[in-house]
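A short worksheet on the structure shown next.
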Amino acid sequence: MSTNSDLMNRINRHYSRMSKGQKLLSNYIADNYDKAVFLTAAKMGETVGVSESTVVRFAMTLGYKGYPDFQKALEEMVRNKLNSIQRMEVTYGRISQSKILESVLHSDEEKIKQTLQEIDDKAFELAVDTILNARRIYVIGIRSCASLANFLAFYLNLIFDNVILLQTNSSSEIFEQMIRINEKDVIIGISFPRYSMRTLKALEFANNRSARVITLTDSVNSPMNLYSSCNLIAKSDMASIVDSLVAPLSVINALIVSLCMKKQDEVADTLGLLEHIWDEYQVYESDEIDRVDDSVKMRFPKRKSKGNAEEDPEEEDS
97 MSTNSDLMNR INRHYSRMSK GQKLLSNYIA DNYDKAVFLT AAKMGETVGV
147 SESTVVRFAM TLGYKGYPDF QKALEEMVRN KLNSIQRMEV TYGRISQSKI
197 LESVLHSDEE KIKQTLQEID DKAFELAVDT ILNARRIYVI GIRSCASLAN
247 FLAFYLNLIF DNVILLQTNS SSEIFEQMIR INEKDVIIGI SFPRYSMRTL
297 KALEFANNRS ARVITLTDSV NSPMNLYSSC NLIAKSDMAS IVDSLVAPLS
347 VINALIVSLC MKKQDEVADT LGLLEHIWDE YQVYESDEID RVDDSVKMRF
397 PKRKSKGNAE EDPEEEDS
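The working numbering puts the first residue of the sequence shown at 97, with every later residue one more than the last.
Okay, structure coming up:
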C-alpha cells in the first residue's frame, strides 16, 4: 500500500509527461486534496473540466489499478491533514439535515463491517498472548482516544493487577511514568487521525527500551505502527465533526472478552470479591434500583403530627 507521500511523489515523477488534462488534475489535487478525496471519478472530472475517462487514465498513469486504488492513496495522504474546520465543512456537505441520525448510524455500521473484513486475526491473537505474558501493561490514548484508553484500562484492571493508565498532561509526565518499562512489559497505544505526537513518542520510548508495542489505529500506514510489533486496525471516520470510534471500541470489547476467557478463574474471583466489597460498603445502595424489586424506594423525612408524635407518611390514608 502507498505511503502518505507516495502519491505526490508519483505525480511529480510523471508530471512532465502528462497531458494537459492530467496536469489540470495534478494541480487540482495538490491545491484541493482535502476536497478531492471525497469525489467520484465523474465528479472530479466535472470539477476540473475533463472527462471521467481522463480521470481514470490519470490514476492508471500513476501506477494504480484504477480510480478506487488511487482514491485510497489520496485518502492516506490527507488522513492526518484535515483540520477541525475542514472536517466540519465536509460533514455538512455529506449529511442531510433531515437524516442525521440515519446517516451517522449507517456510517458507524459500515466502519464495523470494514473492520471485521480487514482486521488481522493473527495480530489479534498475538495481542492477547502478549498482554497475558506481560509483567506490566501500559495503556495510552490522548484527546478523543482517552475515553478508549480509560475504558480498556478499567476492564484490564479487573483481569490483571499490573495495569498502568498513562496520565497524559505533558510529555515529561508520560516518560516519568514509563521510566521502568523494559522488555518484560507491553504498551498499548491508541491513536486515530489527527494522530497524537505524544502517543507516538511514548511508543518510541517503549520500543527503545525493548518493550512490546501494540497499536490500535486506523491504517497499516498510521505513524503509530512505526514502533509496533502488533497492529490492530479499526476503521474510523476521518472526516466528521466528532471522531467515530465505534469500530475501535468493538475491537477493544473483543480484546477484553478474549482475555477474560483466558483468565476465567481469576476474573470470577475478582468479581466475587468486588461484589462483597460493594455490598459491605453499600456502594450501589443509594443510586441503583434493586434488580429484583424494581420499584423506586423513596425516603421521606418523618413528620411530626399535631400531637408531636412522629408519623410515617406511608401509613397515612391517601
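We treat Cβ as the ideally placed atom computed from N, Cα and C, and that holds for glycine.
N327 - partner residues in DSSP beta bridges
Along the sequence shown, one-based indexing puts residue 327 at 231. BP columns for N327 point to T311.
Where does Y163 land, buried or exposed, given buried means 16+ other C-beta within 10 angstroms?
Counting from one through the sequence shown, the residue named residue 163 turns up at place 67. Looking at its Cβ environment, which holds 16 or more other Cβ atoms inside 10 Å, Y163 is buried.
DSSP puts G285 in a beta bridge; with which residues?
Mapped onto the sequence shown, residue 285 falls at position 189. According to DSSP, G285 bridges with I236 and T311.
Beta-carbon separation of D281 and A249 under 7 Å?
On the sequence shown, position 185 is the one that residue 281 refers to. On the sequence shown, position 153 is the one that residue 249 refers to. No, the Cβ-Cβ distance between D281 and A249 is not below 7 Å.
Okay, do the segment 266-274 and the segment 368-376 touch, 3+ Cβ pairs below 8 Å being the bar?
Counting Cβ pairs under 8 Å, fewer than three are found: no touch.
Buried or exposed by the 16-neighbour rule on C-beta atoms within 10 Å, applied to N229
Here residue 229 refers to the residue found at position 133 when the sequence shown is read from its first residue. Its Cβ having fewer than 16 others within 10 Å, N229 is exposed.
Since I270 is in the alpha helix (DSSP H), which residue starts that stretch and which ends it?
As a position in the sequence shown, residue 270 is number 174, starting the count at 1. I270 -> alpha helix (DSSP H) spans S267 to Q273.
Classify I286: buried if its beta carbon has 16 or more other beta carbons within 10 angstroms, exposed otherwise.
Here residue 286 is taken as the residue at index 190 of the sequence shown, counted from 1. I286 is buried by the Cβ-count criterion.
N94, buried or exposed, once every other Cβ within 10 Å from all chains shown has been counted against 16
Shown here, the chain extends from 97 to 414; a query on residue 94 therefore has no answer.
Following the continuous beta strand (DSSP E) through I260, name the residue where it begins and the one where it ends.
Indexing the sequence shown from 1 puts residue 260 at position 164. Here the beta strand (DSSP E) through I260 covers V259 to L261.
What would DSSP say about D112, mapped onto helix, strand or coil?
The residue you call residue 112 lines up with position 16 of the sequence shown. Sequence check: residue 112 is Ser here, not Asp. In the structure shown, S112 sits in a helix (DSSP, three-state: H, G or I).
When the distance is taken between beta carbons, is K207 closer than 7 Å to A343?
Position 247 of the sequence shown, counted from the start, is the residue given in the question as residue 343. Position 111 of the sequence shown, counted from the start, is the residue given in the question as residue 207. Taking 7 Å as the Cβ cut-off, A343 and K207 qualify as a contacting pair.
Throw me the rounded Cβ distance for the M320 and T295 pair, which I believe falls under 8 Å.
The count along the sequence shown starts at 1 and reaches residue 320 at position 224. The count along the sequence shown starts at 1 and reaches residue 295 at position 199. Yes, M320 and T295 are in contact; Cβ-Cβ is about 7 Å, under 8 Å.
Compare the C-alpha of I236 against each of R153, A302, V151 and L254 and name the closest.
Working through the sequence shown from its first residue, we reach residue 236 at position 140. Comparing alpha-carbon positions, the option among R153, A302, V151 and L254 lying closest to I236 turns out to be A302.
Could you tell me whether the Cβ atoms of Y234 and I260 are closer together than 7 Å?
Residue numbering aside, residue 234 sits at position 138 when the sequence shown is read from its first letter. Residue numbering aside, residue 260 sits at position 164 when the sequence shown is read from its first letter. Yes, these two residues count as a Cβ contact at 7 Å.
Check S318 in the structure and name its three-state DSSP category.
Locating residue 318 in the sequence shown gives position 222, counting from the first residue. Coil at S318, not helix or strand.
How would you label L312, buried or exposed, when you count the other beta carbons within 10 angstroms and need 16 or more for buried?
Position 216 of the sequence shown, counting from 1, holds the residue named residue 312. Classification for L312: buried.
Could you pull out every residue in the same chain whose Cβ sits closer than 7 Å to the Cβ of K331, ignoring the five residues on either side in sequence?
For the purposes of this step, residue 331 is taken as the residue at position 235 of the sequence shown. If we look at K331 and ignore the five residues flanking it on each side, its Cβ neighbours are K207, Q210, T211, D314 and A343.
Return helix, strand or coil for I277, following the three-state DSSP convention.
Within the sequence shown, numbered from 1, the residue matching residue 277 stands at position 181. Reduced to three states, the DSSP call for I277 is coil.
Candidates T366, S147, I125 and Q118: closest to S169 by CA position
In the sequence shown, counting from the first residue as 1, residue 169 sits at position 73. Strictly speaking, residue 169 in this sequence is Ala, with Ser absent from that position. Considering only alpha carbons, the answer is I125.
Report the three-state DSSP secondary structure of I255 (helix, strand or coil).
One-based indexing of the sequence shown puts residue 255 at position 159. DSSP, read as helix, strand or coil, puts I255 in helix.
With a cut-off of 8 Å on the beta carbons, I'd call L262 and A298 a contact; round off their distance for me.
Indexing the sequence shown from 1 puts residue 262 at position 166. Indexing the sequence shown from 1 puts residue 298 at position 202. Right, the Cβ-Cβ distance comes to about 7 Å (below 8 Å), so this counts as a contact.
Closest Cα partner of I283 within the set V224, S340 and N317:
As a first step, residue 283 is located in the sequence shown; it is residue number 187 there, counting from the start. For the residues V224, S340 and N317, the minimum Cα distance to I283 belongs to V224.
Residue environment, A137, which counts as buried when at least 16 other CB atoms sit within 10 Å:
In the sequence shown, the residue the question calls residue 137 occupies position 41. Looking at its Cβ environment, which holds 16 or more other Cβ atoms inside 10 Å, A137 is buried.
Of the residues L222, C241, A155 and S122, which one's Cα is nearest the Cα of V144?
As a working note, residue 144 is residue 48 in the sequence shown. With distances taken between Cα atoms, V144 lies closest to S122.
What did DSSP end up calling A230 once you bin it into helix, strand or coil?
Within the sequence shown, residue 230 is the residue found at index 134, counting from 1. It is coil, neither helix nor strand.
E172 and N317 - do their beta-carbons sit closer together than 7 Å?
Translated into the one-based positions of the sequence shown, residue 317 becomes position 221. Translated into the one-based positions of the sequence shown, residue 172 becomes position 76. It is a contact, given that the beta carbons lie within the stated cut-off.
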